[in-house]
């Protein structure tokens, strides 16, 4: 828009500046960092999926006062790559099946590098019109994928917790900020929603965790009963959260039925699709998630099943004005930032004012690989989960605890020909979990399913192969048989 | 902790993976991105401090469906660097004085690159013990700089807005989550606090913006009166926010007096030091910010005056248990993440569960340059602001509207020998603002000071020289004289 002058300026000699570097050194250090990162991706599959250390040991290495004088930058980079960053769960390891893994693509990583280098702030149109337009583009892709109308919109967030917070605030304001507000979700819902509800001022006793059914889905009768009881007692239901899917089992709540119910009852429906939402780019996932487009808001995390580095969350709302009504604030210091109609300030849509350009990683990786590659990578997770289920069902030592859903498989050691009580099964399976942790390079985690201790694989890494899944299940089975033999 | 196996594994041929790249290409693309970023830092001072575009033009270039097949990655990187990232305010330009600028150091940028590449999640000790320890180290540095006791602690956040939100939630819970809660701040406070208060459920009519005095400081009598009136009317004051300093003028509220008052009244004191807090690393700043160490919580943004890329906020609390009481939640899916006493899960201290490793950039840049360089760079901002004040005071066309405070200078065109009414002065100065915007490479912004339209420089960029400041003031003066001559 403004004409750019192209003249270079020498760094002023007037004031010494100890925070700058010569261009040659900058390039050299970037090369070093890139080499370390690329070498890591090559050696990663041979490493363990987890590393970690007690605080005492790490403190000895790292808890030091900041130096008055600087150190050689190569040494600093090496220390970060040797002593700090690898001492962690490797969320992108092909055998990291714990919690919800995250395996970014290289263009996504480079996008974060470029976003930091340009250091743009996607807060307002005035301060970042290019980045704001890019966010509109990426939001529009997501809008179309979930089946929202053109009037829908949203913003990128730090993750599902922030998306849930922003959604609940919008829901509360849309309901007129009533006293004695209540929110509803199944007992399988993510703790992020409980925390978000507490943050916005819903008292713990007003957060209703309704019982889930045998397949860990929200029970519609229990929801209707809870709402009816609350209304009779003078509470004001402001939001229902649906899971798509749950972090424990990947279960998808009955979204269509919940949408019907929430329409009739005039309650905001938020769909937590942080983990499972990106399944919508596949035919199978679109079918499974049907009804999501009827929700008032949807949270999705691109750092989960869309292969981006942290942090890349998203909140979509069906009616964009609900967000802007809830979050828009005036500030004299920002009086210059009102660009005019149809030029959104993303800071009016959520918690953050200053915001890095999270859209860049999604845009760059999709541009580089194309949607077909993303579709195949998401579909592979579901396919591997289905194969894992078949493996478990055919195996005499293992028991499925819930059908595979999206990318999650819940199972345990429980031989078909024995009758071991629940307490002992829990102890056995805790032992298996520990043995995989200590003796195998895979890393899996556990959950509780209506009181039953369950092992659990979450398969959402595009580099994971069937061998990775099979050998991990075989290790669990082998450790199981050994434990049972004692 | 676990033995690492060092064998490499070939990428499996079993499943094609369209989201991976050959190591040589990864390195080549990283080199390209680095070259673009380094070349940018060389040409930046010769460019305008601002660029931007209307939505219509940007949409034409960018609003396209995602491609089914990928594009050459070099082309994608070039498009981002040509059409998207530079179409924005250049917050790190030496003549970007608008709002609160942000000029990161190269090790900070590389740290974000490495954080994305390793993709660690600093949510829990189990998932990221190295990154968690690093965050403890950086938090400990900040704790010492602000003068907090060893029992204090905190977490890194997306920015000041999130810090303020987390602080207000902790304040509310520490006060027992009363009905009819009220919060207090001066009318100069950042809108982030108003938004944070609204998010946690404080109704707009319960957010008290008390009048500021002639120097834009919170007025203690007005605060005491407001609290007394509210208590008499049955409201429950839960928090007072102090500015250190305000975004408009850099003004520091009377923190000592506010601390005395809040102690007696048993009200949580939060200090918003998002912009000014890092002045504490200098002798002069430490003196100016005295009393901050008595607050219950302090928010600071390392992406402002500590030379880090977005996002790098921080919340410190004097009593760490206030945060953990407010934010800790239990979740079955995370049952494996309880490491044991003294191994904190940072996700129990704030809104976010998944969290990137924001500590790395602060740590790497301090290690590389040393604290002396940071101290000098922060001090230079204050020194340049003081020189700008002297320049304005000696100039017959310009008028200081408030003494320079921290790095901020508020002034306007108002010749000493004329008597122009306020309305006309506002129009004249809006014209000057527009002319600087369109005709000069500097970018400055405006604010309202007790109704007076003010031009404003915020000088917190380590690459800014006195020439940058002087020539911008001279341009304002020249445009002023020309405008007045019509």
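Chains as they are written, first to last, in the numbering used here: chain G, 1 to 486; chain B, 1001 to 1486. For glycine and all other residues, C-beta sits at the position ideal for the given N, C-alpha and C.
Pairing residue 1167 of chain B with residue 1318 of chain B gives a Cβ-Cβ distance that is not under 7 Å.
Beta-carbon to beta-carbon, residue 40 of chain G and residue 441 of chain G are separated by about 15 Å, too far to satisfy the 8 Å threshold. Under the DSSP assignment, residue 381 of chain G falls in the alpha helix (DSSP H) whose first and last residues are 371-394.
Here residue 1193 of chain B is near residue 1185 of chain B, since their CB atoms are less than 7 Å apart. When Cβ-Cβ separations below 7 Å define contact, residue 1369 of chain B makes contact with chain G. When only Cα atoms are considered, residue 1428 of chain B and residue 1292 of chain B end up about 39 Å apart. Comparing alpha carbon positions, the residue from B:1416, B:1050, B:1437 closest to residue 1396 of chain B is B:1416. Neighbours of residue 126 of chain G in chain B, taken as residues at a C-beta separation under 8 Å, are given in chain order as 1052, 1089. Judged by their CB atoms, residue 1304 of chain B and residue 1108 of chain B are not nearer to each other than the 7 Å cut-off. Annotation for residue 1272 of chain B: no alpha helix (DSSP H) segment contains it, though the beta strand (DSSP E) segment containing it runs 1268-1273.
For the pair residue 1048 of chain B and residue 1405 of chain B, the Cα-to-Cα distance works out to about 26 Å. Bounds of the alpha helix (DSSP H) holding residue 1431 of chain B are 1422-1439. With its beta carbon at least 7 Å from every one in chain G, residue 1101 of chain B lies outside the interface. Those residues of the segment 141-163 of chain G placed with their C-beta closer than 7 Å to a C-beta in chain B are 141, 158, 159, 161, 162, ordered along the chain. Contact of residue 329 of chain G with chain B is assigned, a C-beta pair being separated by under 7 Å.
As far as DSSP is concerned, residue 1143 of chain B takes part in no beta bridge. Counting only Cβ-Cβ distances below 7 Å, residue 317 of chain G has no contacts in chain B at all, with the closest Cβ about 16 Å away. Taken through DSSP and simplified to helix, strand or coil, residue 304 of chain G comes out as helix. Distance from the Cα of residue 301 of chain G is smallest, within the candidate group G:387, G:132, G:87, G:247, for G:247.
Listed along chain G, the residues sitting closer than 8 Å to residue 1058 of chain B by beta-carbon distance are 129, 130, 133.
Just measuring C-alpha positions, the residue of G:483, G:407, G:59 sitting nearest residue 98 of chain G is G:407. When secondary structure is reduced to three states using DSSP, residue 1023 of chain B falls in the helix class.
By the C-beta density criterion, residue 1215 of chain B is exposed, having fewer than 16 other C-beta atoms within 10 angstroms. In terms of beta-carbon proximity, residue 1382 of chain B stays away from the interface with chain G, with every pair separated by 7 Å or more.
In chain order, 1253, 1255, 1258, 1271 place their CB closer than 6 Å to the CB of residue 1242 of chain B, counting only its own chain and leaving out the 5 sequence neighbours on each side. Counted as a single uninterrupted DSSP element, the beta strand (DSSP E) harbouring residue 1242 of chain B occupies residues 1236-1243.
Inter-segment contact for the segment 1155-1162 of chain B and the segment 1304-1315 of chain B is present: three or more beta-carbon pairs are separated by less than 8 Å. Shown here for residue 1128 of chain B: same chain residues with a beta carbon closer than 8 Å to its own, the five before and five after excluded, namely 1120, 1121, 1122, 1357 in chain order. Within the segment 174-244 of chain G, complete beta strand (DSSP E) segments of at least 3 residues are found at 181-186, 207-210, 236-243, given in chain order. With respect to the C-alpha of residue 238 of chain G, the residue from G:173, G:461, G:412, G:116 having the closest C-alpha is G:173. Assigned with DSSP and collapsed to three states, residue 47 of chain G falls in coil, not helix or strand. Judged by beta-carbon spacing, residue 53 of chain G lies within the 7 Å limit of residue 87 of chain G, meaning their Cβ atoms are closer than that value. Pairwise C-beta distances place the segment 1423-1437 of chain B out of contact with the segment 1260-1276 of chain B, as fewer than three of them are shorter than 8 Å. Shown here, residue 311 of chain G sits in coil according to DSSP, grouped into three states, outside any helix or strand. For residue 192 of chain G, the closest Cβ of chain B is nearer than 7 Å. 7 Å or more divides the Cβ of residue 1042 of chain B from the Cβ of residue 1159 of chain B.
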